[in-house]
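K.L.:
Numbering of the sequence shown is given in the numbering used here, commencing with residue 38 and proceeding in unit increments.
Just so you know, even glycine gets a beta-carbon here, dropped at the ideal spot from N, CA and C.
Just so it is clear, the structure is predicted and the values come from calculations on it, not from any experiment.
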Amino acid sequence: MKNCLYELNYQYDNNILLDEALNIGEWKNFKDPSNNHVFNHWYYKSIDNGYAKEIVDYFSNKIDVDIRARFFYQKSNWTLPFHKDRGTQCSINFILNDTNDKVSFRDGDFSYKCALLNLQKEHAVVNPKSDRIMMKLSIFDKPYNEVLKCITA
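1) When you compare the CB positions of LYS173 and PHE108, do they come within less than 9 Å of one another, or not?
2) Return the CA-CA distance between PHE119 and THR125, expressed in angstroms with no decimal places.
3) Going by C-alpha to C-alpha distance, which of GLU159, ARG105, ASP168 and ASN86 sits closest to SER113?
4) Does the pairing of the region 91-103 with the region 55-74 give three or more beta-carbon distances under 8 Å?
5) Pick from ASN46, LYS39 and ASN40: whose alpha carbon is nearest that of PHE131?
6) Considering only C-alpha positions, which residue in the set LEU55, SER128 and LEU42 is nearest to PHE177?
7) Tell me the DSSP secondary structure of PHE76 in three-state form.
8) Taking just the CA atoms, how far does GLY145 sit from GLU57?
9) Roughly how many angstroms lie between the CA atoms of VAL184 and ASN60, to the nearest whole one?
10) Taking only runs of the beta strand (DSSP E) that begin and end inside the region 105-145, which ones reach a length of at least 3 residues, in chain order?
11) With which residues is SER167 paired in a DSSP beta bridge?
12) Give the straight-line distance between the Cα atoms of ALA89 and LEU153, rounded to the nearest whole angstrom.
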């Protein structure tokens, strides 16, 4: 599990993040940059300010890296198939709504609320029972193991 996902004990106000995800900005359909495929059940919006930006700044300083942050919304009963992220080495994800759905790696399935994920390992979210809303802090310039060392130091 530690090579795929590391659950973080980071204290944050989930209600504020969920409110910002739902009420600030407009959802856009996610488009795969490699082939321009538009996903009709998977949406995102950028994070530019507010409480979410404070969390982005905290982790950016702690890890000493630029972070690209977005909220994601995955519709229920839609599978995000196994894949490796393009360009994103790892991310810190916050699951904002009440869901017990898991992220699947080839090594197993894991539930979490806040975790560092190794996105260079194949992963999927298979048929969530309910809509899934998360905040994703994407890290491009440091691999998972280096970020894990920074976070746990």
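P.N.:
Quick look at the numbers:
1) Reading the sequence shown from its first residue, position 136 is the one you call residue 173. Reading the sequence shown from its first residue, position 71 is the one you call residue 108. A Cβ-Cβ contact shorter than 9 Å links LYS173 with PHE108.
2) Start at 1 with the first residue of the sequence shown, and residue 119 comes out as number 82. Start at 1 with the first residue of the sequence shown, and residue 125 comes out as number 88. Cα-Cα distance, rounded: 15 Å.
3) The residue labelled residue 113 in the question sits at position 76 within the sequence shown. Cα-wise, what sits closest to SER113 is ASP168.
4) Taking 8 Å as the limit for Cβ pairs, the verdict is that the region 55-74 does not touch the region 91-103.
5) By 1-based counting over the sequence shown, the position of residue 131 is 94. With respect to the C-alpha of PHE131, the residue from ASN46, LYS39 and ASN40 having the closest C-alpha is ASN46.
6) Here residue 177 refers to the residue found at position 140 of the sequence shown. Taking only the C-alpha atoms, the option nearest PHE177 is SER128.
7) By 1-based counting over the sequence shown, the position of residue 76 is 39. Taken through DSSP and simplified to helix, strand or coil, PHE76 comes out as strand.
8) What you label residue 57 is simply residue 20 of the sequence shown in a count that begins at 1. What you label residue 145 is simply residue 108 of the sequence shown in a count that begins at 1. Cα-Cα distance, rounded: 31 Å.
9) Numbered from its first residue, the sequence shown carries residue 184 at position 147. Numbered from its first residue, the sequence shown carries residue 60 at position 23. Their backbone Cα atoms lie some 31 Å apart in a straight line.
10) Listed in chain order, the complete beta strand (DSSP E) runs (minimum 3 residues) inside the region 105-145 are 117-120, 127-132 and 140-142.
11) Within the sequence shown, numbered from 1, the residue matching residue 167 stands at position 130. Its beta-bridge partners do not exist; DSSP assigns none.
12) Taking the first residue of the sequence shown as 1, we reach residue 89 at position 52. Taking the first residue of the sequence shown as 1, we reach residue 153 at position 116. The straight-line gap from Cα to Cα measures roughly 16 Å.
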